[in-house]
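Position one of the sequence shown corresponds to residue 5 (the numbering used here), numbered consecutively onward.
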Amino acid sequence: MDKRVLLAKPRGYCAGVDRAVVTVEKALEQYGAPVYVRKEIVHNKHVVETLSRRGAIFVDETDEVPEGALVVFSAHGVSPAVHEEAASRQLRTIDATCPLVTKVHNEAKRFAREDYDILLIGHEGHEEVEGTYGEAPSHIQLVDTAEDVDKVVVRDPSKVVWLSQTTLSVDETMVRVRQLQDRFPDLQEPPSDDICYATSNRQTAVKTMAPECDLVLVVGSKNSSNSVRLVEVALQAGARASYLVDYANEVDLAWLEGVTTVGVTSGASVPDILVMELLEFLATHGYGDVEEITTANEKIAFALPRELRKDMVR
Numbered sequence: 005m006d007k008r009v010l011l012a013k014p015r016g017y018c019a020g021v022d023r024a025v026v027t028v029e030k031a032l033e034q035y036g037a038p039v040y041v042r043k044e045i046v047h048n049k050h051v052v053e054t055l056s057r058r059g060a061i062f063v064d065e066t067d068e069v070p071e072g073a074l075v076v077f078s079a080h081g082v083s084p085a086v087h088e089e090a091a092s093r094q095l096r097t098i099d100a101t102c103p104l105v106t107k108v109h110n111e112a113k114r115f116a117r118e119d120y121d122i123l124l125i126g127h128e129g130h131e132e133v134e135g136t137y138g139e140a141p142s143h144i145q146l147v148d149t150a151e152d153v154d155k156v157v158v159r160d161p162s163k164v165v166w167l168s169q170t171t172l173s174v175d176e177t178m179v180r181v182r183q184l185q186d187r188f189p190d191l192q193e194p195p196s197d198d199i200c201y202a203t204s205n206r207q208t209a210v211k212t213m214a215p216e217c218d219l220v221l222v223v224g225s226k227n228s229s230n231s232v233r234l235v236e237v238a239l240q241a242g243a244r245a246s247y248l249v250d251y252a253n254e255v256d257l258a259w260l261e262g263v264t265t266v267g268v269t270s271g272a273s274v275p276d277i278l279v280m281e282l283l284e285f286l287a288t289h290g291y292g293d294v295e296e297i298t299t300a301n302e303k304i305a306f307a308l309p310r311e312l313r314k315d316m317v318r
């Protein structure tokens, strides 16, 4: 049988990532280097290295930024405590938090005001989870594993709501939700879907092509939650094997032995140039026939942060 590649669409950059990366690029153009960025602007090695070469300085915490300097907050969002610390150090801030993450922050604040117990489904230690948790720490409990479900203690079982990290696997989240519903039958759902459209779309595209694939290669970084989920989704949906790579040169040729159909996709923080390099690599090994599998067309775009827009040349 002829060797071929199935290329998932949608893949790669989502609107929130695009907005965050362009924010740092425009800030460098507008204000000159250096521009400080708290945490990785998006979870992608190539993007961080490229912006670093252009004059972005990535720091873990705001106290590493010189007083009075400019700092950009990453797409994953920050807690109110981080905003307060930045203000106390007279930092100029540009908030590149993805609007879909901001939506979850606002939901957390609203339910906390209404005195709900909030069960936040997400991965412990992930920046987005830390930011959301920081909005209402006295009302939020993190639910990461099945064991966490058993540990939840609520004050009033009729006033409980779940929220979730935006980059989780849709199926896995619903497993966790069902476990929580077994314990708390009155558990309320968020007013709108927390898992971001791009995360679900990329998972749907992979699910569609995985059953036909001997191997699915996901371009993305190991600290990218949604990229790691794509590997899991591919295996659950029937791919015989699946691996995560940052770059084409990380592909082990042993993976291609006996493989006729390779599926290719990329996480929401991955520039398409990295996917094109992977396709070129596969073509040199006989996988030149590429068929795009389209399950959705994304037309969403977000305006740049207002702090940046007001200073940009009209």
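Beta carbons: idealized from backbone N, C-alpha and C, even for Gly. The structure presented is a predicted model; accordingly, all values stated were derived computationally and were not measured.
Per DSSP, Arg180 lies in no beta strand (DSSP E); the unbroken alpha helix (DSSP H) holding it starts and ends at 174-187. Here the alpha carbon of Asp64 sits roughly 48 angstroms from the alpha carbon of Asp6. DSSP places Gly135 inside the alpha helix (DSSP H), whose first and last residues are 131-137. In the DSSP assignment, Gly267 is bridged to Leu10, Val220. Counted as a single uninterrupted DSSP element, the alpha helix (DSSP H) harbouring Ser204 occupies residues 201-213. DSSP, read as helix, strand or coil, puts Ser142 in coil.
For Ser168, the secondary structure class from DSSP, reduced to helix, strand or coil, is strand. In this structure, the CA atom of Arg96 is about 8 angstroms from the CA atom of Ala90. Under DSSP, Thr97 shares a beta bridge with Val75. Under a 10 Å Cβ-count criterion, Ile277 is classified as exposed, with fewer than 16 other Cβ atoms of the shown protein chains found around its own Cβ. By alpha-carbon distance to Asp293, the top candidate from Ser92, Val52, Leu283, Asp119 is Leu283. The beta carbon of Thr106 is closer than 6 angstroms to none in its chain, skipping five residues each way along the sequence.
Under the DSSP assignment, Val279 falls outside any beta strand (DSSP E), being part of the alpha helix (DSSP H) whose first and last residues are 276-288. Selection Ser225, Val153, Ala140, Tyr247 evaluated against Arg187 yields Val153 as nearest (Cα-Cα). Pairing Tyr40 with Gly262, the inter-Cα distance amounts to about 47 angstroms. Within the same chain, and ignoring the five residues on either side of Pro194 in sequence, the residues whose Cβ sits closer than 6 angstroms to its Cβ are Glu111, Leu167. With contacts defined by Cβ atoms closer than 8 angstroms, Ser78 and Ala24 form a contacting pair. Take Glu44, set aside five residues on each side of it, and the residues of its chain with a beta-carbon closer than 7 angstroms to its own are Val52, Phe62, Ser78, in chain order. Counting along the chain, Arg23 sits inside no beta strand (DSSP E); it lies in the alpha helix (DSSP H) bounded by residues 19-35. Three or more beta-carbon pairs drawn from the segment 193-210 and the segment 157-176 are found closer than 8 angstroms, and the two stretches are therefore classed as touching.
Residue range 245-249 is occupied by the beta strand (DSSP E) that includes Ser246. Counting along the chain, no beta strand (DSSP E) covers Arg58, and no H or E run does either. Leu124: member of the beta strand (DSSP E) spanning 121-125, first to last residue. Tyr251 counts as exposed, since fewer than 16 other C-beta atoms from the protein chains shown sit within 10 angstroms of its C-beta. Under the three-state reduction of DSSP, Arg15 is assigned to coil, being neither helix nor strand.
Bounds of the alpha helix (DSSP H) holding Arg117 are 103-117. Each of Glu132, His143, Tyr120 was checked against the Cα of Ser83, and the nearest Cα belongs to Glu132.
A distance below 7 angstroms between beta-carbons, with the five flanking residues on each side excluded, links Ser225 to the following residues of its chain, in chain order: His47, Asn48, Lys49, Ser231, Asp250. Only exposed fits Pro70, as fewer than 16 other CB atoms lie within 10 angstroms of its CB.
Out of Lys30, Pro215, Lys163, Pro161, the CA that lies nearest to the CA of Lys314 is found in Lys30. In the three-state DSSP reduction, Thr149 falls in the coil class, being neither helix nor strand.
Closest by C-alpha distance to Val75, out of Thr264, Ala245, Thr101, is Thr101. Between Gly16 and Leu104 the beta-carbon gap is near 17 angstroms, outside 8 angstroms, which marks them as no contact. Going by C-alpha positions, Val220 is about 39 angstroms away from Thr66.
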